[in-house]
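*Asks:* There's a structure below that I have some questions on.
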Amino acid sequence: VRDYLRRLRNLADTAGDVTEHDIVRQFWMNCLPYIKASLVDKGYEPNTVSLDTLERKALRTKRAY
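For any residue, its number in the working numbering is found by taking its place in the sequence shown, counting from 1, and adding 10.
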């Protein structure tokens, strides 16, 4: 999770004009299904969750599995 988000941030920095929301959306589309299911079960959506919250919750879910 952390490595993937780091790569997304690096790509965003390189490309420029990429918002935090774009990074969240890309992570959401490509994360492991059980992480996405856990986030949805907790009421998170890609349109409303911040990148920091997404990272914390995804890491917590990954550690629990």
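By construction, the Cβ of each residue, glycine as well, lies at the ideal position given by its N, Cα and C atoms.
All values derive from a computational prediction rather than experimental measurement.
Hey, could you find the ends of the alpha helix (DSSP H) Y44 is sitting in?
*Replies:* By one-based count along the sequence shown, residue 44 stands at place 34. Per DSSP, Y44 belongs to the alpha helix (DSSP H) from 43-51.
*Asks:* Excluding the 5 residues preceding and the 5 following L64 in the sequence, name in chain order all residues of the same chain whose CB lies nearer than 6 Å to its CB.
*Replies:* Reading the sequence shown from its first residue, position 54 is the one you call residue 64. So the qualifying residues of the chain are V34.
*Asks:* For D13, report the span of its alpha helix (DSSP H) as first-last.
*Replies:* Along the sequence shown, one-based indexing puts residue 13 at 3. From DSSP, the alpha helix (DSSP H) with D13 extends over 12-25.
*Asks:* For my contact list, K67 and L42 are in at a C-beta cut-off of 8 Å; report their separation, rounded to the angstrom.
*Replies:* In the sequence shown, the residue the question calls residue 67 occupies position 57. In the sequence shown, the residue the question calls residue 42 occupies position 32. Wrong, their Cβ atoms sit about 13 Å apart, outside the cutoff.
*Asks:* Taking 8 Å as the limit between beta carbons, can you name the residues of its chain near E30, skipping five residues before and five after?
*Replies:* In the sequence shown, counting from the first residue as 1, residue 30 sits at position 20. Excluding positions up to five away in sequence, the list reads S60, L61.
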